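Chemist:
2 protein chains.
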Amino acid sequence: MSIVVVGSVAYDTVTTPYGSAEDTLGGAATFFSVAASYFCPVQVVGVVGDDFSDDDVAVFSAHGIDTEGIERKPGRSFRWGGKYSQNLNERATLFTELNVFEEFDPELPPAYRSASHVFLANIAPQLQLSVLGQVDAPQLVALDTMNYWIEGARDALIEVLGRIDILVINDEEARQLADEYNLVKAAEIIMEMGPSAIVIKRGEHGATAFLGDDVFSVPGFPLRKLADPTGAGDTFAGGFMGHLARSGEHGPDALRRAIVAGSVMASFCVEAFSLDGIRHLDEDQIAARYRAFQDLTRFGDL
Amino acid sequence: MSIVVVGSVAYDTVTTPYGSAEDTLGGAATFFSVAASYFCPVQVVGVVGDDFSDDDVAVFSAHGIDTEGIERKPGRSFRWGGKYSQNLNERATLFTELNVFEEFDPELPPAYRSASHVFLANIAPQLQLSVLGQVDAPQLVALDTMNYWIEGARDALIEVLGRIDILVINDEEARQLADEYNLVKAAEIIMEMGPSAIVIKRGEHGATAFLGDDVFSVPGFPLRKLADPTGAGDTFAGGFMGHLARSGEHGPDALRRAIVAGSVMASFCVEAFSLDGIRHLDEDQIAARYRAFQDLTRFGDL
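In order, the protein sequence lines correspond to chains A and B.
Every letter in the first sequence is one number past the one before it in my numbering, and letter 147, counting from 1, is 147.
With positions in the second sequence counted from 1, the corresponding number in my numbering is that position plus 1000.
1) DSSP three-state label for B/Leu1088, please.
2) Run through chain A and tell me which residues come within less than 9 Å of B/Thr1297, C-beta to C-beta.
3) Any idea if B/Gly1251 is buried or exposed, counting beta-carbon neighbours within 10 angstroms, 16 or more meaning buried?
4) Would you say A/Asn89 reaches chain B, if we count a Cβ-Cβ gap shorter than 8 Å as a contact?
5) Does DSSP put B/His1205 in a helix, in a strand, or in coil?
6) To the nearest angstrom, how far is it from the Cα of B/Ala1258 to the Cα of B/Leu1275?
7) Any contact of the stretch 1042 to 1050 of chain B with the stretch 1290 to 1301 of chain B, i.e. 3+ C-beta pairs under 8 Å?
8) Kindly indicate which residue of A/Glu22, A/Met191 and A/Phe31 has the alpha-carbon position closest to the one of A/Phe95.
9) What residues from the stretch 183 to 199 of chain A come within 8 Å of chain B, judged by C-beta to C-beta, listed N to C?
10) Of all the options A/Pro110, A/Ser116 and A/Glu102, which has the alpha carbon lying nearest to the alpha carbon of A/Leu127?
11) Along chain A, which residues have their Cβ under 7 Å away from the Cβ of B/Pro1222?
12) Throw me the rounded Cβ distance for the B/Val1270 and B/Pro1229 pair, which I believe falls under 8 Å.
13) Return the residue from the list A/Ile3, A/Gly248 and A/Thr297 that minimises the CA-CA distance to A/Leu108.
14) Consider the Cβ of B/His1205: report whether some Cβ of chain A lies at a distance smaller than 8 Å.
15) Compare the C-beta of A/Asp282 against all C-beta atoms of chain B and say whether one is closer than 8 Å.
16) Check whether the stretch 221 to 238 of chain A touches the stretch 23 to 43 of chain A, taking contact to mean three or more Cβ pairs, one atom from each stretch, closer than 8 Å.
17) Contact criterion: CB-CB distance below 8 Å. Does B/Arg1246 meet it with respect to chain A?
18) Going along chain B, which residues have a C-beta under 9 Å from A/Gln176?
19) Whose Cβ in chain A lies nearer than 8 Å to the Cβ of B/Ala1287?
20) Any C-beta of chain A sitting closer than 8 Å to the C-beta of B/Tyr1290?
21) Beta carbon of B/Gly1007, beta carbon of B/Ile1123: below 8 Å?
22) Quick test of your reading: A/Val215 and A/Ala207, contact by CB under 8 Å. State the CB separation rounded to the nearest angstrom.
23) Exposed or buried, which one is B/Ala1287 when buried takes at least 16 other CB atoms within 10 Å?
24) Taking all protein chains shown into account, decide if B/Asp1054 is buried (16 or more other Cβ within 10 angstroms of its Cβ) or exposed.
25) With C-beta atoms as the reference, is B/Thr1013 less than 8 Å away from B/Gly1081?
26) At 4 residues or longer, and completely inside the stretch 125 to 203 of chain A: list those alpha helix (DSSP H) runs for me, N to C.
27) Does any CB atom of chain A fall closer than 8 Å to the CB of B/Ala1261?
28) Where A/Asp301 and B/Ala1261 are concerned, what is the direct C-alpha to C-alpha distance, given to the nearest angstrom?
29) Where does A/Val14 sit, in a helix, a strand or coil, going by DSSP?
30) Can you look up B/Thr1230 in the DSSP assignment and give me helix, strand or coil?
31) If you draw a straight line from the C-alpha of B/Ala1156 to the C-alpha of B/Gly1242, how long is it?
32) Who are the near neighbours of B/Ser1196 in its chain, counting only those whose CB is closer than 8 Å to its CB and skipping five residues on each side?
33) Tell me the DSSP bridge mates of A/Glu71?
34) Residues in its own chain within less than 6 Å of A/Ala28 by CB, not counting five upstream and five downstream?
35) Note down, in chain order, every chain B residue with its Cβ under 8 Å from the Cβ of A/Asp253.
36) Check whether the Cβ of B/Leu1226 lies closer than 8 Å to any Cβ atom in chain A.
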């Protein structure tokens, strides 16, 4: 089992009510691959500039992540700057410098093409389609997207949705994609577009998943210490896909456990800036937080 | 076991994205007592005007609710009008006519004084204190309040908080009462004011409870049909207190089950206007929805 992930590798400048960080390692593919690496081998596809530091390359290699698919091009790496509101659920983008990401044209190394699992992080649907065309026969493909593509590249997005298994998306995006406020109905509308499962990320409120007729919901983990939600959704997706790939199962029970594994990883992510919350974990910590989710949510018969 | 509840009995005029209702039965004590009546005997304390209809009295008697403590005074009953936003989580008050409620001075009939459980719904803390002075030795007292009293009657509220066991409150109110945004820390601050447990209602996102060191969270129930959230919080409290009283236990496991019972009742409440969602339930429907919450939230080991 192995996962190919395609997405951004970036430097983030972030201000939250709890502090700030400048030009720290970020990007959807980065958060995803580090989170997933605790569960199974990961191969990452992305592009960085010649400013990408050896220390940041080392973050990937320390987790055994295959970076052959990260192209290094002349110029600066993708940079994003944002500032969060007091409740951390809203954020303003202060700047987006696409830099080398602007001409990103993902090309998979031959060793990547036999991946069992594929995660298409939030990039142009046309590029997501290009990646799908380069993998042989993955068992499971999941996709993230955002309002920018839902509005601006809807046709291509609909095309790629018809070819994937699981959509991982936040609640506002689900409502926008389906043009329906009620999430139960929105999930049904989206499942008719192709995916057999919709996993809806709800930030501090947890996640709700529609798996055909099965519905699963897990609350957010009540944290005493919150630092920075940047990358939490990608980290969730990494834990989710990593756990699915490791289990080798794709049924409702496997999806439920994987959603909790994703929630576990996301809960670590938000406790620190950049990747600091998920870089230095071990299996015991992950297992303990998973058990804490079990303690958080258990209740007896009526 | 029996519960005394004190609070408003009112007529509501409500507009939501899904419809509207004019001058329909409402009020915190009404929603609470009907919800609790499915679990244990309820005695209600309130005041209505001479416009209060026999049909509405019959709603109480049909559920075996003791209404000896509802005073009937000359004048009009309390009336509230509100309009909800598209997401149902925000609402604007269009009018509040206190009418006979303005001079409400709760007086408990002698038969009420030996109640095992007391719920002080959202009224002036001074009146909540007055009720507490009229009960003999309840096993458990819970209280709801709102921003109006947190801002305008803080000293009296702090006094009553020092004499109760469980605070049932929404997330914004908890943050305001504690002057702390982080809910984990806010709960700790509030527990130092007196209550041994804080149950935080989060609307469509469910409920989170801090029971000393124990934390429990249950998601909201994903509903295809939403009509009107009015009274959902009071209905939650009714199911919660009713289940606690019936079980006769107050430990963490009993509180967890009671919180799910409250969530079950609230999920029925929001499916219809006024009390229509909770008036005609039976034990089988409640048990089935409770099992649906178990199905919604179960997941296996890592």
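Don't be surprised by glycine CBs; every beta carbon is placed ideally from N, CA and C.
In this text the structure is predicted, and so the values were computed from the model without any measurement.
Modeler: Based on what the coordinates show:
1) coil
2) Phe216, Ser217, Val218, Pro219, Thr297, Arg298 and Phe299
3) exposed
4) no
5) helix
6) 21 Å
7) no
8) A/Glu22
9) Leu183, Val184 and Lys185
10) A/Glu102
11) Leu183, Val184, Thr208, Val215 and Ser217
12) 5 Å
13) A/Ile3
14) yes
15) no
16) yes
17) no
18) Per Cβ cutoff of 9 Å: no residues; A/Gln176 is ~13 Å from chain B at best.
19) Leu302
20) yes
21) yes
22) No, A/Val215 and A/Ala207 are not in contact; Cβ-Cβ is about 12 Å, not under 8 Å.
23) exposed
24) exposed
25) yes
26) 125 to 132, 147 to 152, 154 to 161, 171 to 178 and 183 to 191
27) yes
28) 10 Å
29) strand
30) coil
31) 27 Å
32) Asp1165, Ile1166, Leu1211 and Gly1212
33) A/Val47
34) Gly7, Ser8, Ala121, Asn122 and Asp234
35) Phe1299 and Gly1300
36) yes
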